Amino acid sequence: CGAGNNAGGALALLRHARFSGLADLVAILGRDEPGEAAAIQLATLRALGLPLLSWSAQREACLAAIDRAALLVDGIAGTGLDGPLRGVLAEFAIAANDRAKAARRPVAAIDLPSGLHDHFRGGPLVEATWTLCIEPLKSALYVPAHRSACGEILPVGGVFPAWAERRAEARLLEESDLGSLLLPDAPDRHKGTRGRLAVFAGSIGSTGAACLASRAGLASGAGLAALFASPETLPILSSRL
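Sequential numbering from -16 applies to the sequence shown in the working numbering.
Quick look at the structure:
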């Protein structure tokens, strides 16, 4: 855990695990001064007698706990992060990541793998086996460059009201959505009545995207597709389309 709301979520999960009968539980604290949400949960865990380890003061004990764990829960940082993980938290995340991979331990990230956020441009990033993302789902999880670090994305509903998801600026298309996006067809329609598509694409050495986009436009139901490309690419594109 770090010190913010994400740590509070991870510690709450630990509390639920204890109430469910699991006994061998340990919290490793990356920051010795937790925020309000984390502090409330820590007070409960102390009352339950759960071991609480400090990354800065008990480094070897923390590493030993990571090595023997059957499951690691990542609550180092969440959506409130601005920029890369730094300082103690970066060191903590890297060590936990490396030890988990070396021991082949699964990692469950709370909301987001620590280090990831909407404006992620690099830096330490926890690699999760599962991401337990509180709905509405975060668009950062689906960016191809770091999608693999999120593992299997498991939505957690019932935390925020239903209207919160309707305010989201992004939508994830599933295969089941595609049928409803196509216009209804009729047997008497022809290429002149099925709509026209203009594709502006292609450059020397990069003509593949122009071909794919043009073919995909026709495959999606457009009656006519026109490809607008630079003169030097026309011979290449003409031979392929």
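For every residue, glycine included, the Cβ atom is placed at its ideal position computed from N, Cα and C. Keep in mind that this is a model prediction, so the values were computed, not measured.
How far does the alpha helix (DSSP H) with Ile136 in it reach, from first residue to last? Taken as a continuous stretch (DSSP letters only), Ile136 belongs to no alpha helix (DSSP H), being part of the beta strand (DSSP E) at Glu135 to Val139.
I'd like to confirm the pairing. Which residues does DSSP put opposite Trp113 in its beta bridges? According to DSSP, which records beta bridges pairwise, Trp113 is partnered with Ala91 and Glu135.
As assigned by DSSP and simplified to three states, the class of Ile11: Strand at Ile11.
Just the C-alpha distance for Pro227 and Ala78, rounded to the nearest angstrom, thanks. Since the first residue shown for the chain is -16 and the last is 224, residue 227 is missing from the structure and cannot be characterised.
8 Å Cβ shell around Ala193 - same chain, five flanking residues per side excluded: The residues are Val182, Ala184, Gly185, Leu210, Ala212, Thr216 and Leu220.
Quick check: the Cα distance between His129 and Cys(-16), rounded to an integer number of angstroms? Just so you know, the alpha carbons of His129 and Cys(-16) end up roughly 22 Å apart.
May I ask you to verify whether the stretch 59 to 77 touches the stretch 25 to 36, counting CB pairs closer than 8 Å and requiring at least 3? Segment contact: the stretch 59 to 77 against the stretch 25 to 36, fewer than three CB-CB distances shorter than 8 Å; contact not assigned.
Closest by CA to Pro119, which one among Val142, Val126 and Asp81? Out of Val142, Val126 and Asp81, Val142 has the C-alpha closest to the C-alpha of Pro119.
Strictly by DSSP, which residues pair up with Ser37? Bridge pairing for Ser37: Leu12 [DSSP].
Would you kindly report the start and end of the unbroken alpha helix (DSSP H) that includes Arg179? From DSSP, Arg179 is part of no alpha helix (DSSP H) but of the beta strand (DSSP E) over Arg179 to Phe183.
8 Å contact criterion, which Arg179 and Ala205 should meet: CB distance rounded: Contact flag correct, Cβ pair sits at about 7 Å.
Which of helix, strand or coil DSSP assigns to Phe211: It is a strand residue.
Span of the beta strand (DSSP E), counted from its first residue to its last, around Gly126: Per the sequence presented here, residue 126 reads as Val, with Gly not at that position. Where Val126 is concerned, there is no enclosing beta strand (DSSP E), because DSSP gives it neither an H nor an E.
Name the two residues that bound the continuous beta strand (DSSP E) containing Val71. Val71 -> not in any beta strand (DSSP E); alpha helix (DSSP H) instead, spanning Gly70 to Ala86.
Going by CA-CA distance only, name the one from Ala91, Ser3, Gly175 and Ile11 that's closest to Leu72. Closest option to Leu72, Cα to Cα, is Ile11.
Would Leu95 and Ala76 qualify as a contact pair, given that the criterion is a beta-carbon distance under 9 Å? Contact: no.
Measure the C-alpha to C-alpha separation of Gly105 and Cys45 and round it to an integer number of angstroms. Just so you know, the alpha carbons of Gly105 and Cys45 end up roughly 26 Å apart.
Using the C-alpha atoms, what's the distance from His100 back to Thr112? Here the alpha carbons of His100 and Thr112 stand approximately 18 Å from one another.
Look at the alpha carbon of Thr176 and the alpha carbon of Ala145, and state the distance between them as a whole number of angstroms. Each residue's alpha carbon lies about 39 Å from the other.
Simplified DSSP assignment, three categories, for Leu224: It is coil, neither helix nor strand.
Using a Cβ-Cβ distance under 9 Å, would Asp15 count as near chain B? Chain labels in this structure do not include chain B; a single protein chain is all it has.
Return helix, strand or coil for Leu55, following the three-state DSSP convention. DSSP places Leu55 in the strand class (E or B) of the three-state scheme.
With H, G and I counted as helix, E and B as strand and the rest as coil, what does DSSP make of Cys194? DSSP places Cys194 in helix when its eight states are reduced to three.
Within 10 angstroms of its Cβ, does Arg14 collect 16 or more other Cβ (buried), or is it exposed? With 16 or more Cβ atoms within 10 Å of its Cβ, Arg14 is classed as buried.
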